[in-house]
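Enquirer:
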Amino acid sequence: MARKIRKGDTVMVLSGKDKGKTGEVVRVIPKEDKVIVRGVNVVKRHQRPNAQMRQGGIIEKESPIYACKVALVCPSCGKATRVGFRFLEDGTKVRYCKKCGEVIDK
Numbered sequence: 001m002a003r004k005i006r007k008g009d010t011v012m013v014l015s016g017k018d019k020g021k022t023g024e025v026v027r028v029i030p031k032e033d034k035v036i037v038r039g040v041n042v043v044k045r046h047q048r049p050n051a052q053m054r055q056g057g058i059i060e061k062e063s064p065i066y067a068c069k070v071a072l073v074c075p076s077c078g079k080a081t082r083v084g085f086r087f088l089e090d091g092t093k094v095r096y097c098k099k100c101g102e103v104i105d106k
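Residue numbers (UniProt numbering): 1 to 106.
(1) Expressed to the nearest angstrom, what Euclidean distance is found between the alpha-carbon atoms of residue 133 and K21?
(2) Quick one: measure Cβ to Cβ for S63 and V35, integer angstroms, because I've assumed they're closer than 8 Å.
(3) Label N41 either buried or exposed according to how many other C-beta atoms from any shown protein chain fall within 10 Å of its C-beta, with 16 as the threshold for buried.
(4) So the beta strand (DSSP E) K44 belongs to, where does it begin and stop?
(5) In whole angstroms, what separates the C-alpha of Q47 from that of R54?
(6) Give the DSSP-derived three-state secondary structure of A51 in the structure shown.
(7) According to the neighbour-count rule (16 or more other Cβ atoms, all chains shown, within 10 Å of its Cβ), is K98 buried or exposed?
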């Protein structure tokens with residue numbers, strides 16, 4: 001599932017507390033089949049000051065969410081859709097929208 005969603009894709013959350021929210025994929029964790037989406041599944045963490053974070057305290061950060069709980073938003077039709085794969089005439093493998101049939105990336 002995670003191979004169908006890549007870093008930089010716009011996705012919509014299908015279930016959970018953030019259902020209906022859209023955001024950009026910041027990171028994909030294929031080993032755990034999870035993705036981190038900007039602005040979705042935000043949790044508060046107590047952070048101790050260190051070299052990178054001079055200021056400690058309570059910070060908000062995005063937590064991973066299962067890839068099966070998000071759907072790719074098609075850039076051409078603007079709807080949350082399933083992703084399929086097909087080969088172009090020159091032999092390159094591309095993703096396409098199952099709703100409108102348009103190629104997502106080239």
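Each residue gets a CB set at the ideal place from its N, CA and C atoms; glycine is no exception.
Expert: Looking at the coordinates:
(1) Only positions 1 to 106 of the chain appear in the structure, and residue 133 is not among them; the question remains open.
(2) Their Cβ separation, rounded to whole angstroms, is 11 Å, which puts S63 and V35 out of contact at 8 Å.
(3) buried
(4) V42 to Q47
(5) 10 Å
(6) coil
(7) exposed
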